[in-house]
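Report on one structure; see the data block that follows.
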Amino acid sequence: MIRFDNVSKTYPKQTRPALRDVSLEIEKGEFVFLVGSSGSGKSTFLRLLLREERASHGAVHVLGKDLARLSNWKVPHMRRQLGTVFQDFRLLPNKTVGENVAFALEVIGKPRAAIRKTVPEVLDLVGLGGKDDRMPGELSGGEQQRVAIARAFVNRPMLLIADEPTGNLDPQTSVGIMKLLDRINRTGTTVVMATHDQQIVDQMRKRVIELEKGRLVRDQSRGVYGYQH
Amino acid sequence: MRAQFVLSEIGVGLRRNLTMTFAVIVSVALSLALFGGSLLMREQVSTMKGYWYDKVNVSIFLCNKNDKESSSANCAKGAVTEAQKKEIRSELKQMNVVESVHFETSEEAYKHYKEQFGDSPLADSLTPDQMQESFRVKLKDPERYDVISTAFAARPGVQEVQDQKKLVDDLFNLLNGMNFAALAVMTLMLVVALMLIVNTVRVSAFSRRRETGIMRLVGASSFYIQMPFIMEAAIAGLLGAGFACVLLVSGQYFLVNNWLVNKIDVINFIGWDAVLAKLPLVLAIGLLMPALAAFFALRKYLKV
């Protein structure tokens, strides 16, 4: 599913690499936490997965493709097989919940009939059934994040990438979001989630990958958060 | 679905940048109107050239008996003789650049002069024998004036070889100069229009970075993301080109057909067919140029 072979990333005009010689493999269907303090390279790791950035050295394989060899015009196609969720939800404030989810399908040219059928289904799945016509501003943070997850999942991606999805939410709401992600994971979707939330990592007992100053310092199955911040 | 989605995005974009869109439309309209105008002007000059070059000829003025006293050095030996006239005429007939030769007698010259300047007080004091005789030579190629000039300018009995083409050329040079100025202004306006488009696209891309960011994440193709921006610029450009067409057509209608034609009847002005033939070109440029400008601006301002 994902393979990093001696991956390093140095941003232009910076001397210190953001990622140093990272090698790891993530299998299909895994649930992986990516932990580390700010500036440890978590974001760079995720950006490499999304091919927002290219590795300076080494090879990144996602969904069986070498991203260095993927030509630019094929990148959108690759991204359609990924779902992404962010801390700040990234919803369109002037579109309804249903339209926000539908947007993801519209821009990749799905036919209208398919969209009308899929959107309520996936909103049901994330626990927002019947809220199609609400505006994002009317919803709580947790609900907004559910909309974002619905949008990420509406294409039935092989891989879901979540960048601190609970970062803006209170603990109780966070637990709800984690249950949802766990459920998505159980449908066979691989989930990679960067987080600072110690409680969640300790509770879930999933594989934990820890980065520190760009290096891979821990890769533990059924791990715990394990460091103090 | 797709078309409807793209169209609504374009509408939103155009309305959001209403003032900028307006500026783009106006500058595109002006530059394209100047462009079309100068194309038409060039056509006008070339039809006028065809018309006038057909009429102009080279005049070989012969010495009059009065010219002896005048300052003209060529005529120091007195009036032209019959033998000299005969020689010039036969030589002219043999030259292959010459199409036809007409001999204008002093009576004819007097008559033409009276026709043209009949009312001036000077005309009354003139008599036919004061007028110069001349050969009016029509050339196959009006550019070959120099052949006649070198052959006859220094000939005894010839006062002066005059090329009428020079006279009309001055007019054409003036028109060409105006045309050049119009093209220069057009180029400037075009640069302004392009910079406005680039700026509009930049603002537009910035104000929609949220949408485009999400589009990118869910895997919209770059064509799909860029399309609304390019179409926006193309539509604004097309509107501008439409205004330019209206300007050209009304220019032809009001300025040429209803005014100049009545004022100046020696010039045959270009007609509707010439004007209408330019409109598709103007529209095509108005559509493609802003679209291209937007495309290149997007490469810089919109990450896809």
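Residue numbers (UniProt numbering), protein chains in the order written: chain Y, 1 to 229; chain X, 1 to 304.
For each residue, glycine too, the CB sits at the ideal point set by N, CA and C.
Quantities reported herein were computed from a predicted structural model and do not represent experimental measurements.
Exposure label - residue i; buried when at least 16 CB within 10 Å
i, result
"X:Thr150", "exposed"
"X:Gln159", "buried"
"Y:Tyr11", "exposed"
"X:Trp52", "buried"
"Y:Pro111", "exposed"
"Y:Glu121", "exposed"
"X:Ser221", "buried"
"X:Lys278", "buried"
"Y:Thr15", "exposed"
"X:Ser59", "buried"
"X:Val201", "buried"
"X:Lys166", "exposed"
"Y:Ile209", "buried"
"residue 249 of chain Y", "Nothing about residue 249 of chain Y can be read from this structure; chain Y reaches only from 1 to 229."
"X:Gln252", "buried"
"X:Glu99", "exposed"
"Y:Gly98", "buried"
"Y:Lys42", "buried"
"Y:Leu216", "buried"
"X:Asp163", "buried"
"Y:Thr44", "buried"
"X:Arg210", "exposed"
"X:Ala297", "buried"
"Y:Val75", "buried"
Per DSSP, cross-strand counterpart(s) of residue i
i, result
"Y:Thr190", "Y:Leu159"
"X:His102", "X:Arg136"
"Y:Lys65", "Y:Val62"
"X:Phe61", "X:Ser134 and X:Glu160"
"Y:Thr84", "Y:Ile161"
"Y:Ile26", "Y:Ile2"
"Y:Ile209", "Y:Leu34 and Y:Asp219"
"Y:Ser8", "Y:His57"
"Y:Leu19", "Y:Lys9"
Whole-angstrom C-beta distance between residue j and residue i, which should lie under 8 angstroms
i, j, result
"Y:Ser8", "Y:His57", "4 angstroms"
"Y:Arg90", "Y:Ala162", "The pair is not a contact, with the Cβ atoms about 12 angstroms apart (cut-off 8 angstroms)."
"Y:Arg151", "Y:Thr96", "Not a contact, Cβ separation roughly 12 angstroms."
"X:Gly157", "X:Cys245", "Actually they do not touch by this definition, with Cβ atoms about 59 angstroms apart."
"X:Phe243", "X:Ala29", "4 angstroms"
"Y:Asn155", "Y:Arg80", "6 angstroms"
"Y:Gly36", "Y:Leu211", "4 angstroms"
"X:Val198", "X:Val56", "Contact doesn't hold; Cβ gap of about 49 angstroms is too wide."
"Y:Val101", "Y:Val85", "The Cβ separation is near 13 angstroms, so there is no contact."
"X:Glu133", "X:Ser106", "5 angstroms"
"Y:Arg54", "Y:Leu67", "7 angstroms"
"X:Ser204", "X:Phe229", "6 angstroms"
"X:Ala182", "X:Leu34", "5 angstroms"
"Y:Ser40", "Y:Lys213", "6 angstroms"
Chain X contact residues for residue i, given Cβ-Cβ distances below 9 angstroms
i, result
"Y:Arg90", "Arg210, Gly213, Ile214 and Leu217"
"Y:Thr84", "Leu217 and Val218"
Same chain, Cβ closer than 6 angstroms to residue i, neighbours up to 5 away in sequence not counted
i, result
"X:Leu194", "Ala293"
"X:Ile25", "Ala236, Leu239 and Gly240"
"Y:Gly83", "Ala152, Phe153, Pro157 and Leu160"
Same chain, Cβ closer than 7 angstroms to residue i, five either side skipped, listed in chain order
i, result
"Y:Glu164", "Gln87, Ala194, Thr195 and His196"
"Y:Ser221", "Arg207"
"X:Glu43", "Ile270 and Ala274"
"Y:Leu169", "Gly141, Gly142, Gln145 and Ile177"
"X:Asn176", "Val45"
"X:Val97", "Leu139, Lys140, Asp141, Arg144 and Val147"
"Y:Val201", "Phe33, Val35, Thr195, Val208, Val224 and Tyr225"
"Y:Gln198", "Tyr225"
Beta-carbon neighbours of residue i, restricted to chain Y and to distances below 7 angstroms
i, result
"X:Ser38", "Within 7 angstroms Cβ-Cβ: nothing; X:Ser38 doesn't reach chain Y, min ~41 angstroms."
Contacting residues, own chain, Cβ-Cβ under 8 angstroms from residue i (five flanking each side not counted)
i, result
"Y:Val192", "Ile2, Ile26, Val32, Leu34, Leu46, Leu49, Leu159, Leu160, Ile161 and Ala162"
"X:Met1", "For X:Met1, the pLDDT reaches just 47, beneath the cut-off of 50, and the residue's location in the model is therefore unreliable, leaving the point undetermined."
"residue 338 of chain X", "It is not possible to answer for residue 338 of chain X, since the shown part of chain X is limited to 1 through 304."
"X:Val192", "Ser27 and Ser31"
"Y:Lys28", "Met1, Met158, Gly188 and Thr190"
Cross-chain neighbours of residue i in chain X, by beta carbon under 8 angstroms
i, result
"Y:Arg80", "Val218 and Gly219"
Closer than 9 angstroms at the beta carbon, the chain Y residues around residue i
i, result
"X:Tyr224", "Pro76, Val107, Ile108 and Gly109"
Within chain X, partners of residue i - CB distance below 7 angstroms
i, result
"Y:Ala104", "Val218"
CB contact check: residue i to chain B, cutoff 9 angstroms
i, result
"Y:Asn168", "This model lacks chain B altogether; the protein chains it does include are Y and X."
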